[in-house]
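Numbering (the working numbering), first residue to last: 411 to 874. Here a beta-carbon is modelled for each residue, glycine too, at the ideal position from N, C-alpha and C. For reference, the structure is listed below as structure tokens.
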């Protein structure tokens, strides 16, 4: 489908990608206010992945959640990649703990993760392990972490969890292993630790994709052996290529699509972002193992191939709507950008600094409207529960007064309730202990040398 260049009704250059997104979002809100059906609006970009995180935030601020009782407000055709999903990151924690040399933070993340059922059933004790690690200044090494737990808590209270973790870490401590064996060991660790616990509908898709990724890696890598960290890198690289589906539906709400997905679709108005050279057309694909003649046979392997592909995409985009708006940022990472060569028309200039010059679209956002239309607070009924008494200090220092004035909550927690922040772990000896040892060494040295001076009545440089 090819459209007419006259379908480009507006081409706007904005100072940076943030203002570009704010400007497009304000236009979408204005069109929705005029009554244009949301499913007739679309936002696209060649590098849609770079815009998606901020676009989710901006649309949520202006339009609220994607889905409400009234229906869908907007829909992203693509969800995040598998590597960005917390479920995937939690799944790799057993292997991460071993590959990263048994760090405290990885162990605590596993203990506090809601996905590991066999450590969750014990309730509070695992959550208190981090305090024991910090108080005993243990930051790495399973044996040291284990001893810190046993010294701070009754052994019988922690035996089951410690033995379970012992079995998991022992099974994963291999110098090298094929990808298939690493996958089987990881699955065995999941079973031992009760992963995944409480698998909901939102985690079903990442769980299936992760299982498929392990099988694909086993097939692709074959019998080649890897260290735990190397296999972990392969998993992360593969997960970055797995794009999860979006949560919305294609027949409701503003559609956010990749430029390639626009082929054959029809909208009343489309906004295309990031129309800079270097994005459309994109640079040639990196193919270091191919010769120049071979690269010419690969789609996107040369500059002419990428220019031809970009022109085809732009022609398809022109046919998707009679009202196309192009936008581009003038600066990206503080570098001046040049407009795309596929559109040689004039570019207008605009700004959208919403913090310094509020736009009407933001004034109509749900959050702002809630402030202006909030109902009057009812009369305070008082608490039904009895008040909680605690003793007040006999005197308050100036530093405590300063804390109370700057942060009443911190004053309540630290000075009245005596709740202290967990100590940070510092490498090496405790500063107080280090100072005491240094002073004791100097004291022994000066005492011994004073005795020598009193005996010999002379300064001996060699003995000194």
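When you compare the CB positions of residue i and residue j, do they come within less than 8 Å of one another, or not?
i: residue 668; j: residue 454; result: yes
i: residue 435; j: residue 736; result: no
i: residue 512; j: residue 586; result: no
i: residue 680; j: residue 452; result: yes
i: residue 742; j: residue 427; result: yes
i: residue 450; j: residue 734; result: no
i: residue 816; j: residue 731; result: no
i: residue 769; j: residue 652; result: no
i: residue 476; j: residue 663; result: yes
i: residue 529; j: residue 571; result: yes
i: residue 489; j: residue 655; result: yes
i: residue 711; j: residue 694; result: yes
i: residue 696; j: residue 582; result: no
i: residue 846; j: residue 825; result: no
i: residue 701; j: residue 709; result: no
i: residue 448; j: residue 483; result: yes
Using alpha carbons as the reference points, say which of the options lies closest to residue i.
i: residue 751; options: 743, 722 and 744; result: 722
i: residue 686; options: 774, 753 and 605; result: 753
i: residue 648; options: 663, 628 and 633; result: 628
i: residue 749; options: 683, 414 and 795; result: 683
i: residue 599; options: 799, 585 and 577; result: 577
i: residue 518; options: 550, 842 and 490; result: 550
i: residue 424; options: 703, 503 and 757; result: 757
i: residue 625; options: 597, 607, 491 and 612; result: 597
i: residue 884; options: 465, 675 and 469; result: Residue 884 is absent from the model: the chain starts at 411 and stops at 874.
i: residue 633; options: 854, 438 and 592; result: 592
i: residue 501; options: 484, 448 and 601; result: 601
i: residue 584; options: 608, 612 and 640; result: 640
Just confirm the distance between the C-beta atoms of residue i and residue j, as a whole number of angstroms; I'd bet it's less than 8 Å.
i: residue 507; j: residue 620; result: No, residue 507 and residue 620 are not in contact; Cβ-Cβ is about 18 Å, not under 8 Å.
i: residue 509; j: residue 642; result: 5 Å
i: residue 603; j: residue 574; result: 7 Å
i: residue 665; j: residue 487; result: 7 Å
i: residue 589; j: residue 631; result: 4 Å
i: residue 548; j: residue 514; result: 7 Å
i: residue 544; j: residue 832; result: 5 Å
Leaving out five residues on either side along the sequence, give the residues of the same chain with a beta carbon under 8 Å from the beta carbon of residue i.
i: residue 561; result: 542 and 546
i: residue 827; result: 800
i: residue 690; result: 456, 669, 684, 720, 723, 724, 750 and 752
i: residue 767; result: 761
i: residue 466; result: 486
i: residue 739; result: 423, 424, 425, 426, 427, 429, 430, 684, 686 and 747
i: residue 676; result: 730 and 731
i: residue 804; result: none
Skipping 5 residues on each side, what residues in its chain have a beta carbon closer than 6 Å to that of residue i?
i: residue 495; result: 616
i: residue 814; result: 821
i: residue 605; result: 525 and 526
i: residue 673; result: 726
i: residue 650; result: 491 and 493
i: residue 432; result: 762 and 764
i: residue 579; result: 552
Can you list, in chain order, the residues of its chain whose CB lies under 7 Å from that of residue i, leaving out five sequence neighbours each side?
i: residue 440; result: 771
i: residue 531; result: Confidence at residue 531 is low in this model, with a pLDDT of 48, below 50, so its placement is unreliable and the value that follows should be read with caution. Excluding positions up to five away in sequence, the list is empty.
i: residue 429; result: 761, 762 and 763
i: residue 713; result: 694
Beta strand (DSSP E) segments (min. 3 residues) lying fully within the region 661–729: Within the region 661–729, the complete beta strand (DSSP E) runs of at least 3 residues are 664–668 and 679–683.
What are the start and end residues of each continuous beta strand (DSSP E) run of 3 or more residues lying completely inside the region 430–459, in chain order? 451–455
For a minimum of 4 consecutive residues, which ranges assigned as the alpha helix (DSSP H) are wholly contained in the region 456–518? 458–473, 496–501 and 503–509
Start-end ranges of the alpha helix (DSSP H) lying completely within the region 813–852, minimum 4 residues: 818–821
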